[in-house]
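Chains as they are written, first to last, in this note's numbering: chain A, 9 to 342; chain B, 458 to 764; chain C, 33 to 359.
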Amino acid sequence: MAAPVLEVDGLVKHFPQGRARTVKAVNGVSFHIDRGEALALVGESGSGKTTVGRCILRLIEPTSGRVSFLGETITGMPPEQFRHRRPRIQLVFQEPYDSLNPRMRIGRIIDEPLMLARRILPLARPARVLELLDMVGLGASVLNLYPHQLSGGEQQRVGIARAIATEPDLVVLDEPTSALDVSVRAEILDLLTDLQERLGFAYLFISHDLTAVRRVCQRVAIMYLGKIVETGPTDEIFASPIHPYSRALLSSVLYPDPAQQRSRFLLVGEIPSPIDLPAGCHLHPRCPWAADECIRAYPPLEARQPGRLAACFRAGHEGETVEPRAYARPGTPG
Amino acid sequence: MTSAAATDLVDEEQGGVVRAVAREANQLWRFARTQPGFLFGLAVIGITVVLALVGPWIAPYGPEEALPGRAVLPPGADHWMGTDISGMDIFSRVISAPRIDLTIALISTVIAFTAGVMLGVVSGFFAGAGGAWAVVSQAVMRGADIVQAFPLFIFALALVGFRGPSMQNVIVALAFLNIPFFLRVTRGAVLHVRERPFVEAARCAGGSGLRIAFVHVMPNALTPALANLSPTIGFSILLTSALSFVGAGVPIPTPEWGSMIAIGAPNMMTGQWWTALFPGLALGLTILGYALVGDGLSYYLDPTHRT
Amino acid sequence: MDCLLEITDLHVEYRRDAGHVRVLDGVDLSVSPGESLGVVGESGVGKTVLVRAVLGLLEPPWRISRGRIRYDGEDLLGRPERELRAIRGRGIALTTHEPRKHLNPVLPIGAQVVEVVRAHGDTGRTEARQRALALLRMVGFPDPEARLSAYPHELSGGMCQRVIIAMALAHSPKLLMADEPTAGLDVTISLQVLDLMQGLVRGSGSSLLLVSRDLGVVAHYCQRVAVMYQGRIVESADVIPFFAQATHPYSRRLLRAAAAARDDRRGSAGPASRRGDAPAVGCAYAPRCPVRVARCSTEIPPLAPVTPGHLSRCFLNADIAAGRVTV
């Protein structure tokens, strides 16, 4: 069994804001990604999923926890040393236009990681740039264009070409299709699956869009307020989610089909701020299944079935006599 | 696609640059036509540049030529703007002055711009980052604070008074004074630009701090500094004149609007208005013109105004 | 009068130095009392411009160059500002896709809701405050008293949107136009907002014009759909027939892309449209249409019925509907 490409162990990131307040963005997240696998990190705002991605890339430094990439611990590595690892972990951004330097031509944008990685000869670089453009479905005609001259979908393809230029082992995708129109999303998702099949890198796909995730990823980890609440194979989670938050997320997916059976699992109230995390299970103020035990302690992430982990005391017991609450408690936001 | 094809595309890029510049100039001209103030300012810049280049040669009299017996003559056929107390033709001196003023203003502004922008980029990019560079950033900002804490003119006076009046000293003083302004304006832009995703992307690509600061951030943060080039030149002309007015600028016989005003001012008491008015008008219109160009350019460069 | 709102052949253009850009190129739309209509289209197609045109909120360089807008039987275009103001908020209300930006950041929301309540007619201050509290409760704030003094930046995106909805419904308008009400909101919150809006509108018998990029939202919250492409309505139908049997090639493409994005099914739908690409003559979709004929590039197809109530702007309507042509 080959070693995982990425291992995250107890990752924590807190942002102090002034003296008394801390934004607890990530509160102990652990997962791994195997070679060639695509794992989705799903959550809404405040879940911490974007922060996890940034910590893995060391664009921000974790407060504590360990990240190891290709068997090597990268947390705590001196920045200069890590810079040499960068060609092997790359990032595709959410905003297609803003992730490209508006004053640089496309050719130069894609060439830059090649130039900095110094892995291929300078004479071979133009050919490699053309090869990358071809791989993402763009013609050589965009080489001399500026980003604003391309459509959103094309800009994102450039971002993808740039990310795979140095043949990374892991590509982190931060909401790669959220800013694109629906008709373009499918193309980009297809492209991503294609590239993964051909080139064999692993994906960490960060998104709030469950439908996009389903197309690309084999496994899903669902996050809420800085912790993972459920993981498992994509199809299984879609078919039978265990954690109430997963159920709510899935029931909020509106398919373009008026006849769709909607499970209508509603959470009440607003998402709490990561500064004031609720005690015990973070979902309890909004959860229709909440009971006293949910306030006392945070449920551990445990295996419920082979390959499926969930963090909930009440899952599986929801049919019991505790009265589901119809409204948020006083004092909670909403 | 072969490398030959790739090189062809690169060649096309060189030609493309020229075409791109021409297109930009055309757009700027079309914009200028709708802004009368901007046009006036451009005309002023044009005239001052021409005068700076050929002023002394086309002048009817030598700019420092004192004509005996022709002191304080009113404007007339021989002397379009009259003569001053030493018998020097005012018109010749007025059109010879831009050479001095503009040279001083241009050189000092270019120095201030270059140094201010570079310092602004460094101090903005590494602000709050921690480590050696952050200390540099702080030091630079505090230095700028100190320079800006002094009233501008007094500081200029002190610098020049300390080293004596001469063109070089005025240039150094003005450059030094204007650096904090370009510094702050660029730093502000840098603080914004560095938050944009493409800067993060450059980090992911493996760029080092300095590289990202100067290759990625700086070109995108130049707009405020560029828009202020013209007004700063105008302001420098004003400062030069002010320094010369109090005798701390260029030495006396050199034609310079400020010193001309100083020489001619006593005459105004006795009713000989032309000795100070003409250089004063020239100075005022010139600074106005440069400021209007600055306004027009910053309006033009502001992306929210462009369709 | 059958229709509450009737828009006929609306043309809106945008003037620049280099000429003008046609943003709306002949929009035909109608909303009946009590009906909820979804207007779907990709970004840049003119949906926001459309809603603002209805309320007379377009200022130069935007210009309505042709067309008619009738509300409750009366023409809206060319009406004096005074009369339009009476209609805004009272007859027709608008919510926005940027709720936080449309709230005054330096005023507490209580004051802003009260201001809207008092905008039409003389409601005393105490009465207005009571009404504001009732409105905030209606949109789901369990403790409205506490919210009155909150500032917009203290509220989440979803809460700001609820405040906007409260303000929009303050005078029980007959028509609520919702411009992308869930833009930027988390999915679980979006659902709350949509359910709220639908419940309130149904409860008062008002009509809803819901502008969205999301076909899923339209499928579940609207009775009728109108598809917009490059400034024109290309198809309009009841929701169930639309999702089962859309006729216009562009609608088909949108539906396929939306369905593909959710399934494991492969297959994308072709190149995306870009703003400003509309040809000057003929059908706007012709350059990209897989089944275009010669006529499509020279004439603009009319919005013609395929079946009663189902209109489509395509010369090949009947053929596509009958299955003689596959798109």
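Note that CB positions come from ideal geometry on N, CA and C, so glycine has one too.
### Query
Alpha carbon to alpha carbon, how far is L418/B from L740/B?
The question about residue 418/B has no answer, for chain B in this structure spans 458 to 764.
Q.
Strictly by DSSP, which residues pair up with P337/C?
A. Taking the first residue of the third sequence as 1, we reach residue 337/C at position 305. Note: P337/C sits in a beta bridge opposite L343/C.
*For A304/C, which of helix, strand or coil comes out of DSSP?*
Taking the third sequence and counting its residues from 1, one reaches residue 304/C at position 272. In this predicted model, A304/C has a pLDDT of only 45, less than 50, meaning its place in the structure is not dependable; the value taken from the coordinates is given anyway. Coil.
* To do: Consult DSSP for V100/A and reduce its assignment to one of helix, strand or coil.
  => Residue numbering aside, residue 100/A sits at position 92 when the first sequence is read from its first letter. Note: V100/A maps to strand in three-state DSSP.
Could you give the DSSP three-state label for V261/A: helix, strand or coil?
Within the first sequence, numbered from 1, the residue matching residue 261/A stands at position 253. In this structure, V261/A counts as coil in the three-state DSSP scheme.
query: How do the region 109-127 of chain C and the region 74-90 of chain C stand: do at least 3 beta-carbon pairs fall below 8 Å, yes or no?
result: yes
Worksheet item: Would DSSP call Y103/C helix, strand or coil?
Response: In the third sequence, residue 103/C corresponds to position 71, counting from 1. The answer is strand: DSSP assigns Y103/C an E or B state.
Could you name the residues of chain C that Y232/A contacts, counting a contact when the two beta carbons are closer than 7 Å? In the first sequence, residue 232/A corresponds to position 224, counting from 1. Chain C residues near Y232/A: none, gap ~10 Å exceeds 7 Å.
_Secondary structure of S72/A, DSSP reduced to three states_ = On the first sequence, position 64 is the one that residue 72/A refers to. The answer is strand: DSSP assigns S72/A an E or B state.
Quiz prompt | Cβ-Cβ distance between A21/C and I141/C below 8 Å | solution = Here chain C covers residues 33 to 359 and nothing more, so residue 21/C does not appear.
*Residue span of the alpha helix (DSSP H) that contains Q163/A, given as start and end*: The residue given as residue 163/A occupies position 155 in the first sequence. First-last of the alpha helix (DSSP H) with Q163/A: 160-172.
_Considering only DSSP beta bridges, list what A71/C is partnered with._
Against the third sequence, residue 71/C aligns to sequence position 39. What sits at residue 71/C in the sequence shown is Val, not Ala. For V71/C, which the question treats as bridged, DSSP gives the partners V243/C, A258/C.
Requested in this report: Could you check the C-alpha separation between D351/C and V357/C for me, to the nearest Å?
Outcome: Reading the third sequence from its first residue, position 319 is the one you call residue 351/C. Reading the third sequence from its first residue, position 325 is the one you call residue 357/C. About 6 Å.
| task | Could you tell me whether the region 682-694 of chain B touches the region 132-140 of chain A, using the rule of 3 or more Cβ pairs below 8 Å? | result | no
Does any residue of chain B have a CB that is nearer than 8 Å to the CB of L65/A? To locate residue 65/A, count along the first sequence from 1; it is residue 57. Yes, L65/A lies at the interface with chain B (some Cβ there is under 8 Å from its Cβ).
- In angstroms with no decimal places, state the Cα-to-Cα distance between G704/B and G618/B. As a position in the second sequence, residue 704/B is number 247, starting the count at 1. As a position in the second sequence, residue 618/B is number 161, starting the count at 1. Taking the straight line joining both Cα atoms gives about 10 Å.
Quick check on this structure: which residue in G88/C, L348/C, R48/C, R100/C has the alpha carbon closest to the alpha carbon of G58/C?
Your numbering for residue 58/C matches position 26 in the third sequence. Nearest C-alpha to G58/C: R100/C.
**Report entry** Integer-rounded CB distance, given that E657/B should sit under 8 Å from L188/A
**Finding:** Stepping through the first sequence from its first residue, residue 188/A is reached at position 180. Stepping through the second sequence from its first residue, residue 657/B is reached at position 200. Rounded, the Cβ-Cβ distance is 19 Å, inconsistent with contact.
Item checked: S623/B in three-state terms, based on DSSP -> Taking the first residue of the second sequence as 1, we reach residue 623/B at position 166. Looking at S623/B - three-state DSSP - the assignment turns out to be coil, as it is neither helix nor strand.
Requested in this report: Kindly indicate if chain A contains any beta-carbon less than 8 Å away from that of R256/C.
Outcome: Reading the third sequence from its first residue, position 224 is the one you call residue 256/C. It does not: the Cβ of R256/C has no partner Cβ on chain A nearer than 8 Å.
Who are the neighbours of A125/A on chain C, taking C-beta pairs under 7 Å? Sequence index remark: in the first sequence, residue 125/A carries index 117 (1-based). Per Cβ cutoff of 7 Å: no residues; A125/A is ~31 Å from chain C at best.
Taking only runs that begin and end inside the region 580-652 of chain B, name each unbroken beta strand (DSSP E) of 3 or more residues, in chain order.
none
* Using a Cβ cut-off of 8 Å, pull out every chain E residue sitting near E244/A, in sequence order please. => Looking at the structure shown, chain E is missing, and the protein chains on hand are A, B and C.
Fill in: Beta-carbon proximity list for H40/A, same chain, < 6 Å, skipping 5 on both sides
Along the first sequence, read from residue 1 onward, the residue named residue 40/A stands at position 32. Excluding positions up to five away in sequence, the list reads P12, E15.
Q. For the region 141-164 of chain A, which residues have a CB atom closer than 7 Å to at least one CB atom of chain C, in sequence order?
A. S159, G161
Hey, could you find the ends of the beta strand (DSSP E) L47/A is sitting in?
Indexing the first sequence from 1 puts residue 47/A at position 39. Note, L47/A: beta strand (DSSP E), 46-50.
Straight-line gap, A662/B to I118/A (C-alpha atoms, nearest Å)
The count along the second sequence starts at 1 and reaches residue 662/B at position 205. The count along the first sequence starts at 1 and reaches residue 118/A at position 110. When rounded, the distance between both Cα atoms is 10 Å.
Q: Go ahead and label K133/C buried or exposed: buried means 16 or more other beta carbons lie within 10 angstroms of its beta carbon, across all protein chains shown.
A: Here residue 133/C refers to the residue found at position 101 when the third sequence is read from its first residue. Under this definition K133/C is an exposed residue.
**Report entry** Interface partners of N677/B on chain A, CB under 8 Å
**Finding:** Here residue 677/B is taken as the residue at index 220 of the second sequence, counted from 1. Within chain A, the residues near N677/B are N109, P110, R111.
- [ ] Using 10 angstroms around the beta-carbon of H290/A, count the other beta-carbons present and answer buried if the total reaches 16, otherwise exposed.
- [x] Numbered from 1 along the first sequence, position 282 holds the residue referred to as residue 290/A. The residue is buried, with at least 16 neighbouring Cβ atoms inside 10 Å.
Burial state of W731/B (16 or more Cβ within 10 Å) | Translated into positions along the second sequence, residue 731/B becomes position 274. It counts as buried.
field: Under 8 Å from the C-beta of R653/B: neighbouring residues of chain A
entry: Numbered from its first residue, the second sequence carries residue 653/B at position 196. Under the 8 Å cutoff, chain A gives D106.
- Message: I believe T680/B touches L758/B by the beta-carbon criterion, under 8 Å. Please report the beta-carbon distance rounded to the nearest angstrom.
- Response: Taking the second sequence and counting its residues from 1, one reaches residue 680/B at position 223. Taking the second sequence and counting its residues from 1, one reaches residue 758/B at position 301. Correct: roughly 5 Å between the Cβ atoms.
Would the beta-carbon of P87/A fall within 8 Å of that of T174/A?
Along the first sequence, one-based indexing puts residue 87/A at 79. Along the first sequence, one-based indexing puts residue 174/A at 166. Contact: no.
I'd like to know if the region 219-232 of chain A and the region 47-58 of chain A are in contact, where contact means that at least 3 CB-CB pairs between them fall below 8 Å. yes
Using the beta-carbon count (16 or more within 10 Å), is I39/C buried or exposed? Locating residue 39/C in the third sequence gives position 7, counting from the first residue. When all chains shown are included, I39/C counts as buried.
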